[in-house]
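S.K.: Once you know that position 201 of the sequence shown is 201 in the UniProt record's numbering, the rest is easy, because the numbers rise by one and skip nothing.
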Amino acid sequence: MPWLIPNRSIKKDTLAGKAAKLMLAADTSAEEKIYYKYVDTPDFSYGLWKHKAGGSIATFDTKPTEKVAIIGAGLAGLSSAYELLKCGVEVSLFEASDRIGGRLYSKKFSKSDPEIAELGAMRFPPSEELLFDYFNQFKIATTPDFPDPLTVNTLISYKNNTYNVPANGDIPAEFDTVHAGWNDFAENGATIEYTDHTGTQKKVTLAAPNDIADALMIDADGNPKSTKVDPVEAWKSYMEVFLNKSLFDGLVTIFNGSNPPGGKAWNYPEDYERFASLGTGFGGFGPLYQVGFLEIMRLITNGLEVGQVFVPKGIETVAHRLYSEEVVLPDGTTAKVSDNTTRNCPIGGVYKSGDKIVVLDKSGKQVPGSPFDRVIVATTQRSMEIDSNLGLFDPFTLPEVGNVEPTMPTEVAQSIRDIHIMNSSKVFIRTKDKFWTSLKEGTRCILSDSLSANLYTLDYGGDYGVVLVSYVWGDQSIKQISFQNPKERLAMLKEALAPFAPDFIEHLNPLNDDYDQNVQFIDWELKPHYYGAFKLTRPGQDHYVQSAFFHYLEKSDSNAGQVYLAGDSISWTGGWTEGALQTGMNAACSLIQSIGGTLNSPGYNPMVSIKPDLYDYNQANG
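(1) Applying the criterion that 16 or more other CB atoms from any shown protein chain within 10 Å of the CB defines a buried residue, is N559 buried or exposed?
(2) What is the rounded straight-line gap between the Cα of L565 and the Cα of D503?
(3) Return the CA-CA distance between S452 and A173, expressed in angstroms with no decimal places.
(4) Taking the continuous beta strand (DSSP E) assigned at T191, which residues delimit it?
(5) Quick check on the burial criterion: 16 or more other C-beta atoms within 10 angstroms. Buried or exposed for T379?
(6) Out of curiosity, what's the CA-to-CA distance linking D249 and Y617?
(7) The beta strand (DSSP E) spanning F396 covers which residue range?
(8) Could you check where the beta strand (DSSP E) with Y351 kicks off and where it finishes?
(9) With three or more beta-carbon pairs closer than 8 Å as the criterion, would you say the region 158–177 touches the region 77–85?
(10) Could you tell me which uninterrupted alpha helix (DSSP H) segments, each at least 4 residues in length, are contained entirely in the region 219–267, listed from first to last along the chain?
(11) Could you pull the start and end residues of the alpha helix (DSSP H) that Q619 belongs to?
(12) Pop quiz: L536 and G574 are said to be a contact at Cβ under 8 Å. What is the actual Cβ separation, rounded to whole angstroms?
(13) Mind the definition here: the region 387–405 touches the region 353–368 only if three or more C-beta pairs lie below 8 Å; say whether that holds.
(14) Please state whether DSSP places T379 in a helix, a strand or coil.
(15) Measure the alpha-carbon distance for D214 versus D184 and round it to whole angstroms.
(16) To test your reading of the DSSP string, which unbroken alpha helix (DSSP H) runs of 4 or more residues are found completely within the region 514–559?
(17) Any idea what DSSP makes of G101, helix, strand or coil?
(18) Along the chain, where does the alpha helix (DSSP H) containing T198 start, and where does it finish?
(19) Decide if P166 is buried, meaning its Cβ has at least 16 other Cβ atoms within 10 Å, or exposed.
(20) Tell me, which residues are paired with I315 by DSSP?
(21) Go ahead and pull the three-state DSSP assignment for V367.
(22) Does the beta-carbon distance from K356 to G561 come in below 7 Å?
(23) Specify the secondary structure class of K479 as computed by DSSP and reduced to three states.
(24) Does the pairing of the region 499–519 with the region 477–487 give three or more beta-carbon distances under 8 Å?
(25) Candidates V608, G88, S45, G603: which alpha carbon is nearest F333's?
(26) For F138, which residues of its own chain have a beta-carbon under 8 Å away from its beta-carbon, when the five flanking residues on both sides are left out?
(27) Starting from W473, trace the beta strand (DSSP E) both ways and give me its first and last residue.
(28) Could you compute how far the alpha carbon of I478 sits from the alpha carbon of S450?
(29) Rounding to the nearest angstrom, what Cα-Cα distance links I429 and K108 in this structure?
(30) List the DSSP bridge partners of T205.
(31) Considering only their Cβ atoms, is the gap separating L130 from E578 smaller than 7 Å?
(32) Can you give the beta carbon distance from V327 to L85, rounded, assuming they're within the 8 Å contact cut?
(33) Can you check DSSP and say which residues form a bridge with A117?
(34) Can you say whether N223 is buried or exposed, counting buried as having 16 or more other CB atoms within 10 angstroms of its CB?
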């Protein structure tokens, strides 16, 4: 959670703060529950739809007989398989590795102890309402006690200046301009001047991002919790100015104009370096300066920065419940997703052959059950291109199959090829005790401009401590990626921390000096079949996401041989579990409709309630 970006979960009087409290309350009634719409799909709440749909998302008059395959046993693939199975659709699930969960990756340090290294998804806001629906269904406990910056005792080191900030204390004075400016912008918006794509000078008042977030929150009857702004018109104003601008360009436009939020212009390069190095609890915005400005705005408007919790038993628990939960089928029999799953089956291609879809393994042979009538590819976008070959433009001939055709229209294939994915690295250590409790300053979190960037201490309730020594993105990840020996990786990070946290690093030693078991790290860029961590579009790429995300609406007819996309890499919220779940539900609903099923909640579902052309992301701007 950011510390320069306001932590709205602390502000209990805001609507978002109230919503977070309600969503986490065990005794919340249906009437009190807050639902969330996202800014790119502002007419629809997936959580409200699931509530209206009831126990299953669809019904069939007769048992469906179509052969369906899902590629990828991450959250998108597992959730679509689970929901399809509940409707009576038999699914064959294929996973490249031996592990279930994808980037829900909760690696235990040992089988008998509770300590976990969350190598993938780690923190979860209540606006991820599909995820919270599964939390409730499977009775998975969460806790709000993640040691986010400034909510706990935080050590800040920047350019050889070190500050110990107590929980909920004031930030160091040298960050006042950046902190005050961003907070004012988030709470009150900004009036800016800009030049549009025709060269015309314009002036526009931008709505407060927090007001957009509040306007997207609704009750069970669909009534917005705030009518202060129209979220659609507000977002169109942001698009007009920032659609093809990077985060850095957007910051300059807002904070170096004639009327900067906070009343003081940002100094270049000093304030931009501060924001780059220590701007967020995710690892600083520096590696993200070339990401599209609207990508960062979505963090706020979609409530992703509010009331985050973590899962003491590990977020991978959700994946395993979806995989192993016994489902009562419409005919009264029972089944599990795991019943028809093939692990250790890397895919080598997905192609259209006549009215069927051929799925090949890496040897070029068809996987068990191929060809299929319908296929959902639920992987990262890079795996869609590299492994499944969904970026194909032209027909060609396969030796064992014959003539095959591309499965995607040209624009979607181009999207699969070009959407940007960020690399990311994490390094965890299990220590002999929770040493931070005995330190003079009680440091729980360290923010720095060092190679470590962000450090968190974690308590899983056992005897040992867990420290996330480093969580970095982009260029910061690349700096670490050549250190593949755990002892060397940890030594490098301790050396980086030594100048400003010498007392702290004395305790950064793995339990029993066992580096293989008690130091766990990951570089997602190097992981086979992932090829990166999460989607963050570059300026000018939102039209690619628009094409890929809404592709499911074009595939709901009864024509045989359909391929659907799912996964956070083709969602509006790359890197967040809700993007995986939303696209998984989209694919499942479209597939169901294409084989004759009837969606429950017929007047409110992803097929009829989402407007794909509400915004035009395929345009020029300033």
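Glycine is no exception: its CB is placed at the ideal position from the N, C-alpha and C atoms.
The structure presented is a predicted model; accordingly, all values stated were derived computationally and were not measured.
M.R.: In short:
(1) exposed
(2) 49 Å
(3) 23 Å
(4) 190–195
(5) buried
(6) 18 Å
(7) 396–398
(8) 347–353
(9) no
(10) 231–242, 247–255
(11) First-last for Q619: undefined, no H or E at that position.
(12) 6 Å
(13) yes
(14) coil
(15) 16 Å
(16) 515–518, 542–549
(17) strand
(18) Taken as a continuous stretch (DSSP letters only), T198 belongs to no alpha helix (DSSP H), as it is neither H nor E.
(19) exposed
(20) Partner(s): none; I315 has no beta bridge.
(21) coil
(22) yes
(23) helix
(24) yes
(25) One detail in the question is off: residue 333 reads as Thr in this sequence, not Phe. For T333, the nearest C-alpha among the options comes from G88.
(26) T317, V318, R321, E325
(27) 465–473
(28) 14 Å
(29) 11 Å
(30) T191
(31) yes
(32) 5 Å
(33) K107
(34) exposed
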